[in-house]
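Mapping to my numbering: the sequence shown position 45 is 1187, numbers consecutive.
All C-beta atoms in this analysis are idealised placements derived from N, C-alpha and C, irrespective of residue type, glycine included.
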Amino acid sequence: MKIGFIGLGNMGAPMAANLVAAGHAVTGYDVAGVTVEGVAQAGSAPDAARGAEVVITMLPNGAILRAVAAEVLPAMDKGAVLLDCSTVDVASARAVAAEAEAAGIGFLDAPVSGGVGGAAAGTLTFMVGGSDGAFATAKPLFDVMGQKAVHCGPAGNGQAAKICNNMILGVTMIATCEAFALADKLGLDRQAMFDVVSTSSGYSWSMNAYCPAPGIGPKSPADNDYKPGFAAELMLKDLRLSQDAAEGADADTPMGRLAARLYETFVEDEDGKGRDFSAMLPRFESRGRSD
Ligand code: NAD
């Protein structure tokens, strides 16, 4: 397939490389001038998009997505598909979908989970919003870049699924970390805590698969001095998106709101920036009761 790829950062570069390895013809563009082996370099975003059957974007946020879409949609062929894999606000995804539709172009919002490791290994999970036809066009590309693509409904629903999932993740990681810190102060051994909780009703992905306590459970960023993994500032981004969406939809999300505040303090006022989001455990460990 002839593919345009815009945004060749930590995630986009390995995703584009996997498409090339699978035999697709990929033309890429990144404002920072990044090059990827096997990807033809275009001089601008519209140049990367022209003549492509699918144009993939992997960009930092919704404002940039809107700006890039305004440039590339006029350059794209009617019937082609714009496939945005960035994590952005639901409103931006739906706005770009409407512009694409007006131009006779398909649009899918398909944010991913799996991080940089999943992007390199081609094992991402895609959460996809958009039409059945556009989904069918993009399906072979999801199969190359990922291990699973869930069609969640119309445009915007992929982003909705992503931020709901990550709101649960942020809240459960905080709950797991504060429980470990409490267990420490009660004299409960961390291994015993893990052995009980991981097989009891407090279990979760945060405890069982990504345990925030070093040396406990399967290998995780906690065992590597909390190097990300999934950086605290990316969790903060997703929690903020969840709160923007909750505000717009008049949804009551008190735990999500508190999780966003805690990660904001951790990233902006403490030492959380650049650390894995599970480094909430040493944060709680070093504190006493705050109210
Ligand atoms: P990144 O900052 O490494 O990459 C973004 C790239 O977009 C950069 O190379 C930047 O130069 C480029 N860019 C910015 N503006 C541009 C423009 N106008 N035209 C062309 N290129 C432009 O970020 P990343 O880690 O690759 O993340 C990309 C997206 O994926 C984000 O939305 C992020 O939230 C999401 N995501 C990241 C992870 C992760 O673990 N890194 C996991 C899941 C989802």
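Endpoints, alpha helix (DSSP H) assigned at residue i
i	result
A1167	No alpha helix (DSSP H) contains A1167, which is instead part of the beta strand (DSSP E) from A1167 to Y1171.
F1284	D1274 to M1287
L1376	A1374 to A1391
T1341	Run containing T1341: none; DSSP gives neither H nor E here.
V1214	G1204 to V1214
E1406	P1396 to E1410
N1350	W1347 to N1350
Beta bridge counterpart(s) of residue i as assigned by DSSP
i	result
G1271	D1251 and G1295
K1415	None, per the DSSP bridge assignment.
D1189	None; D1189 has no bridge partner.
I1148	Y1171 and T1199
L1266	G1288
Q1183	G1170
Contacting residues, own chain, Cβ-Cβ under 6 Å from residue i (five flanking each side not counted)
i	result
P1356	A1364 and D1365
Y1171	I1148, A1184, A1187 and A1190
D1231	G1204, L1383 and D1386
P1216	none
A1262	P1156
M1153	M1200 and A1261
Cβ separation of residue i and residue j, assumed to be a contact under 8 Å, to the nearest whole Å
i	j	result
T1267	G1300	That belief does not hold up - the Cβ atoms of T1267 and G1300 are roughly 11 Å apart, past 8 Å.
A1276	L1250	5 Å
A1158	V1178	5 Å
C1227	T1265	About 14 Å; that fails the 8 Å criterion.
N- and C-terminal bounds of the beta strand (DSSP E) containing residue i
i	result
V1223	V1223 to D1226
Same chain, Cβ closer than 7 Å to residue i, neighbours up to 5 away in sequence not counted
i	result
V1313	M1397, G1398 and A1401
M1335	F1322 and A1325
V1339	Y1345 and M1349
8 Å CB neighbourhood of residue i in its chain, flanking five on each side removed
i	result
T1395	M1309, S1384, Q1385 and A1388
K1281	A1291
A1242	A1211, L1215, L1224, G1248 and F1249
W1347	L1311 and T1314
Short Cβ contact (8 Å threshold) for residue i with residue j
i	j	result
V1238	A1222	no
G1271	G1256	no
V1168	V1181	yes
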